[in-house]
Structure formats: structure tokens, C-alpha cells
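Chains A and B supply the protein sequences, listed in that same order. Just so you know, numbering that gives the first Met the number 0 puts the end of the first sequence at 502, numbered straight through with nothing missing. Just so you know, numbering that gives the first Met the number 0 puts the end of the second sequence at 502, numbered straight through with nothing missing. Built from N, CA and C at the ideal position, the CB exists for glycine as well. Everything numeric in this text was worked out from a predicted model, so none of it was measured. Working notes for the structure below.
Protein chains: 2
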Amino acid sequence: MPTREKSYAALLAELREISLLSYTGQVLSWDEQTQLPRKAADFRGDQLSLLARLAHERLTSDRLSDTLGALESSGSLGAEDSDLAVNVRQARRSVNRAKKMPSDLVAELARVGVVAQQAWVQARKASDFPSFAPVLEQMFGLKRQQAACLGPTAHPYDALLDEYEPDETALGVSAVFESLRAPLVDLVGRIAGSARKGRGELVTGDYPRAAQEALAREALVAIGFDFDRGRLDVSAHPFCTHLGPSDTRITTRYNERRFNDAFFGVMHEAGHGLYQQGLPTEHFGTPCGDHVSMGIHESQSRLWENFVGRRRSFWIHFLPRLQAAFPGTRGVSVDDWYRAVNHVEPSLIRVEADETTYNLHVLLRFELEKELLTGNLAVRDLPGAWNAKMKAYLGLTPPDDARGVLQDIHWAFGGVGYFPTYTLGNLYAAQFFEQAQADLGDLDAALARGEFAPLLGWLRDRIHSRGQRYTARALVERVTGRPLSAKPLLAHLERKASEVYGV
Amino acid sequence: MPTREKSYAALLAELREISLLSYTGQVLSWDEQTQLPRKAADFRGDQLSLLARLAHERLTSDRLSDTLGALESSGSLGAEDSDLAVNVRQARRSVNRAKKMPSDLVAELARVGVVAQQAWVQARKASDFPSFAPVLEQMFGLKRQQAACLGPTAHPYDALLDEYEPDETALGVSAVFESLRAPLVDLVGRIAGSARKGRGELVTGDYPRAAQEALAREALVAIGFDFDRGRLDVSAHPFCTHLGPSDTRITTRYNERRFNDAFFGVMHEAGHGLYQQGLPTEHFGTPCGDHVSMGIHESQSRLWENFVGRRRSFWIHFLPRLQAAFPGTRGVSVDDWYRAVNHVEPSLIRVEADETTYNLHVLLRFELEKELLTGNLAVRDLPGAWNAKMKAYLGLTPPDDARGVLQDIHWAFGGVGYFPTYTLGNLYAAQFFEQAQADLGDLDAALARGEFAPLLGWLRDRIHSRGQRYTARALVERVTGRPLSAKPLLAHLERKASEVYGV
Chain A
0 MPTREKSYAA LLAELREISL LSYTGQVLSW DEQTQLPRKA ADFRGDQLSL LARLAHERLT
60 SDRLSDTLGA LESSGSLGAE DSDLAVNVRQ ARRSVNRAKK MPSDLVAELA RVGVVAQQAW
120 VQARKASDFP SFAPVLEQMF GLKRQQAACL GPTAHPYDAL LDEYEPDETA LGVSAVFESL
180 RAPLVDLVGR IAGSARKGRG ELVTGDYPRA AQEALAREAL VAIGFDFDRG RLDVSAHPFC
240 THLGPSDTRI TTRYNERRFN DAFFGVMHEA GHGLYQQGLP TEHFGTPCGD HVSMGIHESQ
300 SRLWENFVGR RRSFWIHFLP RLQAAFPGTR GVSVDDWYRA VNHVEPSLIR VEADETTYNL
360 HVLLRFELEK ELLTGNLAVR DLPGAWNAKM KAYLGLTPPD DARGVLQDIH WAFGGVGYFP
420 TYTLGNLYAA QFFEQAQADL GDLDAALARG EFAPLLGWLR DRIHSRGQRY TARALVERVT
480 GRPLSAKPLL AHLERKASEV YGV
Chain B
0 MPTREKSYAA LLAELREISL LSYTGQVLSW DEQTQLPRKA ADFRGDQLSL LARLAHERLT
60 SDRLSDTLGA LESSGSLGAE DSDLAVNVRQ ARRSVNRAKK MPSDLVAELA RVGVVAQQAW
120 VQARKASDFP SFAPVLEQMF GLKRQQAACL GPTAHPYDAL LDEYEPDETA LGVSAVFESL
180 RAPLVDLVGR IAGSARKGRG ELVTGDYPRA AQEALAREAL VAIGFDFDRG RLDVSAHPFC
240 THLGPSDTRI TTRYNERRFN DAFFGVMHEA GHGLYQQGLP TEHFGTPCGD HVSMGIHESQ
300 SRLWENFVGR RRSFWIHFLP RLQAAFPGTR GVSVDDWYRA VNHVEPSLIR VEADETTYNL
360 HVLLRFELEK ELLTGNLAVR DLPGAWNAKM KAYLGLTPPD DARGVLQDIH WAFGGVGYFP
420 TYTLGNLYAA QFFEQAQADL GDLDAALARG EFAPLLGWLR DRIHSRGQRY TARALVERVT
480 GRPLSAKPLL AHLERKASEV YGV
């Protein structure tokens, strides 16, 4: 009978080895999106699928289950947030989830995911939803099977949401989203009807790529991104990935006619990157060194993108740098620029949406994917349902499906349950930032001086360093003293609307 | 009892899966040398070591041995160069080699290899051989153990050489190298004493990086490198790697004061790349789709670098392009430039050596590593032995060990038996090229018109498409009708010496 110490060491070693495999997959994916020669994609797909299978085999092995069982039956594991208790509890979670999934279903989800993504790329290009519908139908069929395997849960959606936002439920998300929808629709309407117009035209014009990249790198270094432990590159779809404890990579794309895309894109991905760089490296590869949930991840990206990057005080510090980089902005005042980067206007595409309307795009997707999963909404009726909600929430009707129901890749790769984490991230971010302001004194004065270390230190201490010790909801309550609520986000958006549009 | 077809399908599937793992390691290595953030190296080392171990486990599994055994006992496998016979024979070779290596020794070689490479970097920087000696001693101890495990062989060196040049022996290499040494030393002496001096000064001067890269890319496309299936990037040490059937990546480094380094470096790596791109993709991951040996690989790189890239007719086509890219070369004639890129002069550093003296650098290393392995030469006596041979073969004495015995990384990573493949490559290249000239008619006329497809087609047909069907020596004999000999290489070098130096 091995002692508890031996079992715990064996658990950590096995978890770390599984993480070596999964992070190897991350290297292959990063390379795929930034470097891969055109004709090399098929082989890369085979490699990724093999690595996923190897990691799944390890996670479901008898050896790992025995080790976990020995630890669980070895008596009290100490405080709920002790290293031992957290690592055993969270490893058990992952093992149980993995074991409930038949390996055939895992393989089929991976296979159909690749097929569906290829079909989606073509369908989007041709704005041809019917060509995508059969494989989308197939994918939702597999997701229903997956939910059944992982269940029973109160709602089948819960089983899928759990992958991205552990312990969250459709009911819980609905409750907080419900308190958001009507006030947001109302706010967007008031802004549209306001006499005072935005200054959105200032962020379009002549923004040469090299100067954009230099300014983005300057901002990254200023807010604390460590280039000895990370990179910034170019890819068709911006992302942030984590290839190891000291290897966090951000990508972006440059639009020489519009300032916002790259700059705020980089600030967004940098928020993800700062979270990853702030996770405790001594716990790397184990739950104590891993992120809480996609929602908490998104809270960090949204916080740096919107609560810092689109803040007036941030531009007190950065406007001279902007003006040195782009001579065309030299006559612009801090207030003008603040209004320009906070322009609100309903639009068709989620990833280009402003901070306020963005959440309505997410609500729409959350509502539709739940109905698709239960079968209350048929795939063939999806475009109509999409367009009806766009009209109701944003007052717009997509001119074609490419700019409507076909715009996002998520359903094609099987990411049902992913969308709500975007708005959960906004909600968490607002509540965290409100608390940081209360804890740190005059945060705006610091930002105006270009001092970001106090805020980053606060996030490191309260959130990053904690790994998976707490669920997302428990973490929010622990850090802010209050349960999750829509109020801080609504207050933040109302305040900006008042400053920018006088409504 | 499975039928032969079933066993063969199982063999191919298993070999392909092992190759998925090894090629994943190649992606990690390429990324390490071109992209990796400074602090991410340790974790990358752990990943590479895990992948090596997983591949070794698969190669030594009972399942693979059983499959091979079933095929071997299933009766005649057909002609020796049939797909079935080749794949079974070569897989058996790899399995037997892997099984003879205890996994502890595999792990220890990997571990000491990393330590020794780090020690080598420091020792070379400080030109401090004594600080490197203990770990080099340890490495040669492990290589002796490895040779013992893999043996018995006529000479312990044979067991190590076999990893890079299958079926070659120390005796076989010595025989051909012996016929090379005296004529080469004599030729180098005659060139040094010739009244006619080289035009080496023309290749130094002002060679801006962007223009070098553009010209190198133009040359790559011209000779047939497929950028849809490959890349060209920058790294500290140039190399070519193969990440999959359609993913061949070349790296180089640019020296803005010297033309040769990047241009001929790229031509060299392109030769490796063209070989990889020419291997039959339908056999990828199995011996029929793999390269013969490091020597044959090197024959392709040397052929494109020296027999094509340093050929007079090549520059009839490329000189106008060179002059458009570098205005400083506009007064230069084809003959001047031909003399410039074929300047011969004894020098201290192997990788910067000209085509003629290069082989003497290799002979010296081959002779020394054999003696180190048997223990006839002690590690502490190595610098003295090195310097004595440099004096005898090239008339030079290294001013310090950094420019002497510490210049190459090979012994640090355990690559004992690797050096001779460089000169074997030169020998194979000369013999292949002589045959191509005989088979293709007026090859120089084609090269002068920038037509490289006939030569590449010849190499594809005779060499690339054959995979591992023949050993290196058998391939040479099959393609040229004669056994390997030093004569074609000596004739080639004598001809150039006569044209450039009148000797």
C-alpha cells in the first residue's frame, strides 16, 4: 500500500505528463495558424488527433484512477483550497468527464469537427447556409449524445457548458443574462436616439502597419506582458495560446484603415496572456496551476481591453505615444479619442461589435444554441430565428447569412456552450474592476501616469495565483465580497454612455 | 491467425503512428530554434524527451514485434526492393536497434546530451576545453556502452556509424577516405603555391539582407523548391527539417558583409529540402518513403550547393540577377564571379571551409572520434591531437580551442559517427553528378538557361522516389553502374583548381 505522499507524487507526475502531451498539441495548433505551408494541413490534423487520443487514454487509464482512488480513501485531504484537495478534486472531475465519453464518440466529434469546419469555411464564403446545414445537424446530434453521456443534468446544455465554465448551469446563466437583456436593449436605443453623436470616424484613416505593431508592443510591455516568456505574431484569426509555463503567444491582424482592430485586439489577447503568465509555474500541469474557466479567462481579456484600454485615464498616458506614431491624430484631444474608441453602434458582426452591443450578440447565440440542442429549434429554421433576434435586440437584419448565422466558427468545431463565457467574462470583469478600484485607491491617477503594476499585482494576487482553487462564482464572491450580478457591468456601460453620448 | 494483408496493414498503421510522434518532435525542435521565447527552453526539453520515450516504447512494443514476426514467417516477401520486403526489412532493422538499447541508456544519453550541449556552449564562448572535458568524457563513456549494446561489430565505431549511415563500416569509410587524403593535401598545397590568386575578395562587401533573401528565394523557386510545401526562415544555426509529407523547412542566417554564407547555405539546405519534397508521399511514415542515410541526404545538399550553385554555367543564368540585387557587383564578369565563389584557402572553421579543404576537416574528425571511442586517445589529449592534425592537413594551428576542437556541437549531442557522412555526401554527389551529365546530355547548356527541371527530374527518378529500397552503396552502384570511388570527387576538384588557379 503506497503512502499518501507516494500517491500524490504519482498523481502530479501523471498529470504533468498528460499536460506535456496537451501542450504539445498547442504548439502544433499555433504553428498551424501562423506558419504552416498550404499543403501541410492534412498531416497536421492527423498529428493533433493522435495527441488528443493519447491524452484521453492517459486520462482514462486504470493507473490514474487507482492513484486517485488511493488518495480519496486516505482520509481527510485538508482544507478545500489546499494543494492536495484541489488537485485531487479537479483531477477527479477531469477523469470522470473523460471516462463518461466513449472513445468512439471522442473520435467522431474530432472527425466531424474537422469536416464541419471545412464545410463552414466554404459555406461562409458563398453565404450558403443550406450547404452547411447537414453537417451542423450531424454535429448537434453528436453534442446531444455527448450531453447524454455526461449527464444526467437538469438541462442537457449544462453538461456541455460545464466543459468551458465548470459548475455553471443554463439556469444560472439565464438568470443573470435576463437581468442584462432589457436594460441593454434600452441603453442601445437611447444611444441611437441621442443628439450627441460619437467620434467613431477618428479611428478610421491612415494607420500604417509598422507603427501599429510598434505601439501595440509598447503597450504590451507597459502593462506587464513578458516577452521573455511570450511572443506577438500575425494570424488570420487573432488568438492567445499557452504552449508551456513560460511560453504564451498572442496573435493579431493589422487593418491599415482602422486603428481599433489590432490595438484593442492585442489588449484583449494580452489580458488572456497576463493571466497565463500569472498562473503559478510551480503548479504547472496540475489544477492548482491552471485557469478557472473560460469565463474567468475572458474576464481578464475584457478587463484589459475595455476597462483599461478604453478608459479615459489610459489615453492620458498613451495619447502622446499614439500621436507620435500616427501624425494624423495630432490634433485630437483625450476626450475626442476617448469618445472615438468608445463609439457604440449596432452592427452585424460579433467580433467587431462595441463593448455595449457585444453582449446582445452573445445572448442571441446562447438562446439559439440551447434550443438547437433540445431540438425545439430545427437547424433549417436557424437562419430565420437568428435574423428575428437580430431585429429584436439590435434593430438590424443581416443582408445575407455570411453576415448572419454563418459568421462564427464555434458550432462547427462543436463549441456548444462556449458563447456565454464571453458575456460571463464581461460580467466578472466589471465586478473585479469595481473591486480593484475600491481596493487600490485612485486607480485612474496611476493609469494616467502609465503605472499598471498595481492593477496587475492585484489581479495576480487575487485571481491568477489561485489556479483552480475556487469555481468561477466562488472566486468572484471571494474577491469582491458579493455574488455575481449584472449591476457592475450595467453601471459601467451606463457611465460610459453618459460620458460619450450624454444619455 | 491474421492474413499477410492484415499484418501488413497493421505494420504500416503502426509505423505511420510512430512517425506522427517523431514528426511532432520535429515541429517542437523547429519551433525551438526559430520561435521559442528565451525562458521556455526547459519545458520544451521535457516535451521532446517524452515524445522520444513514447516513440521508443512504440518501436519496442510486443505488438509491433508480433506483427513483424507474422510477416517474416509468412513466406517469401517478393523481390528485395518490393514495398513489402523493404518495409518489413527496414522496420525489423529499426526495431532490433531499438530493442538492443536499454531504456535507461536511452534516457541517460538524452539527459547527458542536453547537459553536454549547455556545457559546450559555455566552453566554446570562453574557449575553455578543460571545463568541457569531464562531460565529454562521460558522453564517450555512454557511446562506448551504446556501441557494446548494439554490437558486436568488427569495430565499436561501426555500431554508431550505422545510425547515420546504415550498413557502412569504419573500414569501408577508411578505405575511401585514405584514397582521398594524400591527393587532397597535395592539391591544397599546389593551390597555395600557385602564382594565380583567387578572387575571394569579391564575395565580401556590401550585401544587404533584404536583397540576399530575395535572391535566395528566387534561386529556391528556380531550382524547384515548392513553397506550398515548405518555408524559409532565420535561425542561429542553419538547418533543414521535415515536419511532415508536405512541410519542409529551411533556415539560414544573413551576413551583410559576405555573400557566400546565406546564398550557398540556402542552396545547401535546399538540396536537403528537394530530397525530402521528392520522397514518395504515398509511402510517408514507412521506410519506402524515408531517406536512405545521412550521407545520401548530404549528397543532395552538396550537389545543389557545389556542383550546381558553384558551377560556371549556373552563374551565366544568375549573374544578371545578382547584379540587379547588388549594384556593387555590376562590373564583375562570369569568370571573375566563378573564381570568387570557388576560392580555396585553408581555414580554421569547418562550416566556413571551401569545397576542397572541407573534406580534410572531416577526415580529421573521423580519425579522432574513432580513437576517442576505443580509448586510444584520452579526452585530455584531444586538443593537442586536433592541433597536430590541423597542422599536418591544412598547415594551420588554431590560436585557441574555440577555433579548434570546440567548434562543433556534434560530440556534445552524442553524434559520434556523424562526421564521415559529410564527406561521404561529397563523394556520392560527385559520382551522381558525373552520371547525370552523362545521362542528360549538355547539362551545362540547360543550367546556363536556368533550366533545372531535367536535373531535378533525374534525381527524383533515380534517388528521391526510391526511399530506403537500397543501401547507400547499393544505390550509388545502381545509379552510376560503378561502386563508390573517390575518383569523381577528386576529378571535379582538380578541374576547378585548374580553371580557377591554373594548377
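Where residue i and residue j are concerned, what is the direct C-alpha to C-alpha distance, given to the nearest angstrom?
i	j	result
L393 (chain B)	R257 (chain B)	23 Å
L367 (chain B)	L381 (chain B)	8 Å
L27 (chain B)	D185 (chain A)	51 Å
Y163 (chain B)	W385 (chain B)	23 Å
V172 (chain A)	D157 (chain A)	10 Å
W303 (chain A)	D246 (chain A)	20 Å
A191 (chain A)	N305 (chain A)	21 Å
L11 (chain A)	A84 (chain A)	12 Å
T240 (chain B)	R364 (chain A)	44 Å
G223 (chain A)	G229 (chain B)	35 Å
G414 (chain B)	D161 (chain B)	12 Å
R123 (chain B)	R349 (chain B)	15 Å
R338 (chain B)	E498 (chain B)	8 Å
R43 (chain B)	E217 (chain B)	34 Å
With which residues is residue i paired in a DSSP beta bridge?
i	result
I315 (chain A)	DSSP output for I315 (chain A) lists no bridge partner at all.
R241 (chain B)	At residue 241 (chain B) the sequence reads His, which differs from the Arg that was named. According to DSSP, H241 (chain B) bridges with B:T247.
G229 (chain B)	B:T247
T203 (chain B)	B:R257
Based on Cα-Cα distance, which residue from the options lies nearest to residue i?
i	options	result
Y274 (chain B)	B:Q299, B:V233, B:A39 and B:V220	B:Q299
E521 (chain B)	B:P244, B:G330, B:Q436 and B:D225	Because chain B here runs from 0 to 502, residue 521 (chain B) falls outside it and cannot be looked at.
H271 (chain B)	B:P182, B:N259 and B:L231	B:L231
V105 (chain A)	A:K5, A:R37, A:D61 and A:F412	A:F412
D61 (chain B)	B:L20, B:E13, B:D80 and B:R88	B:E13
A125 (chain B)	B:Q406, B:C148 and B:D161	B:Q406
Q117 (chain B)	B:G456, B:H409 and B:Q46	B:H409
G277 (chain A)	A:L454, A:G327 and A:G264	A:L454
A69 (chain A)	A:S81, A:D82 and A:K5	A:K5
T479 (chain B)	B:N254, B:W457 and B:L149	B:W457
L362 (chain A)	A:H296, A:G294, A:A324 and A:F176	A:F176
V307 (chain B)	B:A445, B:N375 and B:L395	B:A445
K388 (chain A)	A:V415, A:R402, A:D400 and A:H360	A:H360
V187 (chain A)	A:G383, A:L170, A:P419 and A:N358	A:N358
E344 (chain B)	B:P151, B:Q145, B:V114 and B:L183	B:L183
L395 (chain A)	A:T356, A:P419, A:V111 and A:R379	A:T356
Does any heavy atom of the ligand COA sit closer than 6 Å to the C-beta of residue i?
i	result
Q137 (chain B)	Only the bare structure without any ligand can be found here, which leaves the ligand COA out of the picture.
Residue ranges of each alpha helix (DSSP H) within the segment 3 to 57 of chain B, 4 or longer: 3 to 33
Runs of 4 residues minimum, wholly inside the segment 272 to 299 of chain A: which ones carry the alpha helix (DSSP H) assignment? none
For the segment 389 to 450 of chain B, which segments carrying the alpha helix (DSSP H) assignment without a break, of at least 4 residues, lie completely within its bounds, in sequence order? 409 to 412, 419 to 439 and 442 to 447
May I ask you to verify whether the segment 480 to 490 of chain A touches the segment 97 to 104 of chain A, counting CB pairs closer than 8 Å and requiring at least 3? no
The segment 332 to 339 of chain B in contact with the segment 306 to 321 of chain B per 3-pair CB rule at 8 Å: yes
Inter-stretch contact (C-beta, 8 Å, three-pair minimum) for the segment 421 to 431 of chain B and the segment 468 to 475 of chain B: yes
Taking three-plus beta-carbon pairs below 8 Å as touching, is the segment 457 to 468 of chain B in contact with the segment 276 to 296 of chain B? yes
Measuring CB atoms only, is the segment 223 to 243 of chain B touching the segment 28 to 36 of chain B, in the sense that at least three cross pairs come out at less than 8 Å? yes
With three or more C-beta pairs closer than 8 Å as the rule, is the segment 308 to 315 of chain B touching the segment 440 to 450 of chain B? Yes, the segment 440 to 450 of chain B is in contact with the segment 308 to 315 of chain B.
Three or more C-beta pairs below 8 Å linking the segment 202 to 215 of chain A and the segment 371 to 378 of chain A: no
Which runs of the alpha helix (DSSP H) at least 4 residues long sit entirely within the segment 138 to 207 of chain A? Give them in chain order. 155 to 163 and 169 to 191
In chain order, each alpha helix (DSSP H) run of at least 4 residues that lies wholly inside the segment 350 to 381 of chain A: 357 to 373
Beta strand (DSSP E) segments (min. 3 residues) lying fully within the segment 97 to 134 of chain A: none
Quick one: complete alpha helix (DSSP H) runs, 4+ long, within the segment 456 to 499 of chain B? Runs found: 471 to 479.
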